[in-house]
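Since the structure comes first, as structure tokens, the remarks are kept for the end.
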Amino acid sequence: MNVAQNIVAGLDRILTMELVRVTERAAVAAARLRGRGDEKAADQVAVDAMRQELNRLAIKGTVVIGEGERDEAPMLYIGEEVGSGKGPAVDIALDPLEGTTICAKNLPNALAVIAIAEKGSLLFAPDVYMDKIAIGPGYADGVIDIDASAAENIASLARAKGVAISDITTCILDRPRHARLIDAVRATGAAIRLIGDGDVAGVIHTTDPEETGID
Numbered sequence: 041m042n043v044a045q046n047i048v049a050g051l052d053r054i055l056t057m058e059l060v061r062v063t064e065r066a067a068v069a070a071a072r073l074r075g076r077g078d079e080k081a082a083d084q085v086a087v088d089a090m091r092q093e094l095n096r097l098a099i100k101g102t103v104v105i106g107e108g109e110r111d112e113a114p115m116l117y118i119g120e121e122v123g124s125g126k127g128p129a130v131d132i133a134l135d136p137l138e139g140t141t142i143c144a145k146n147l148p149n150a151l152a153v154i155a156i157a158e159k160g161s162l163l164f165a166p167d168v169y170m171d172k173i174a175i176g177p178g179y180a181d182g183v184i185d186i187d188a189s190a191a192e193n194i195a196s197l198a199r200a201k202g203v204a205i206s207d208i209t210t211c212i213l214d215r216p217r218h219a220r221l222i223d224a225v226r227a228t229g230a231a232i233r234l235i236g237d238g239d240v241a242g243v244i245h246t247t248d249p250e251e252t253g254i255d
């Protein structure tokens with residue numbers, strides 16, 4: 041095992057349980073405001089709780105994907121340094137409350153999410169919309185491609201599964217910006233399950249098809 045592998049292994053052992061606590065505190069804080077109809081309040085308590093726990097960790101962390109640009113978000117903004125300042129230098133991508141609307145409405149699939157990697161390993165991304173695509177485990181590499189068209193990906197997935205395109209159901213976030221994508225998918229003959237919020241949960245659901253029935 042080389043030095044880089046040792047560092048990664050060390051990060052895994054040291055931080056795994058601490059990160060569970062970080063997301064747990066954010067989730068518990070937001071859960072107290074479930075169904076109250078106040079998205080901003082639910083998000084703020086989650087941000088406060090996550091930031092407090094992050095600053096207890098023995099890391100030199102930099103938020104690379106967070107609550108927005110510095111002039112738009114007072115805490116956990118892109119570029120903010122968190123942690124005790126001692127320990128490994130890491131990049132952090134986070135969302136203290138992914139699904140503010142569904143939390144405010146007391147609906148399922150709101151999440152507190154975080155990812156940590158060695159410094160320089162994560163994309164330093166501005167606060168913009170980005171494309172996401174996911175399928176379940178067990179498929180060969182290249183079955184889907186984020187740069188391919190919806191028709192190409194659906195046809196490729198149908199071939200890999202050995203089913204007709206009409207047997208494929210996709211899940212898409214119901215937003216005006218996705219109108220062309222929705223039209224393109226429907227033109228193939230595939231079905232669509234539109235969701236109002238919670239696209240991160242939708243991706244996670246593909247990882248355990250035996251539990252969720254989604255692959």
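Following our numbering, the numbering of the sequence shown begins with 41 at its first residue and continues without gaps.
Just so it is clear, CB atoms sit at the ideal spot from N, CA and C, and this is done for glycine as well.
Here the structure is a predicted model, which means the values were calculated and not measured.
How is residue i classed by DSSP in three states: helix, strand or coil?
i, result
"residue 183", "coil"
"residue 43", "The pLDDT assigned to residue 43 is 49, lower than 50, so where the model puts this residue is not dependable, and the model offers no usable value."
"residue 145", "coil"
"residue 122", "strand"
"residue 138", "strand"
"residue 188", "coil"
"residue 54", "helix"
"residue 115", "coil"
"residue 83", "helix"
"residue 165", "coil"
"residue 201", "helix"
What's the C-alpha gap between residue i and residue j?
i, j, result
"residue 168", "residue 70", "24 Å"
"residue 73", "residue 238", "17 Å"
"residue 240", "residue 138", "8 Å"
"residue 43", "residue 164", "Summary for residue 43: the model assigns pLDDT 49, below 50, so the residue's position carries little reliability, and this model does not support an answer."
"residue 41", "residue 122", "With a pLDDT of 48 at residue 41, under the threshold of 50, the modelled position of that residue is not reliable, and no figure is offered here."
"residue 236", "residue 146", "13 Å"
"residue 175", "residue 247", "8 Å"
Would residue i and residue j qualify as a contact pair, given that the criterion is a beta-carbon distance under 8 Å?
i, j, result
"residue 77", "residue 144", "yes"
"residue 11", "residue 206", "What the structure shows of the chain is the stretch from 41 to 255, and residue 11 is not part of that stretch, so it cannot be assessed."
"residue 97", "residue 64", "no"
"residue 93", "residue 61", "yes"
"residue 125", "residue 100", "yes"
"residue 212", "residue 197", "no"
"residue 87", "residue 131", "no"
What does DSSP give as the partner residue(s) for residue i in the beta ladder?
i, result
"residue 133", "105 and 155"
"residue 231", "209"
"residue 100", "129"
May I ask whether a heavy atom of the ligand FAD can be found less than 7 Å away from the beta carbon of residue i?
i, result
"residue 154", "As presented, the structure is devoid of all ligands, the ligand FAD included, so that no description of it is given."
Check whether the region 185-194 touches the region 134-154, taking contact to mean three or more Cβ pairs, one atom from each stretch, closer than 8 Å.
no
Counting pairs of Cβ atoms below 8 Å between the region 122-141 and the region 77-91, do you hit three or more?
yes
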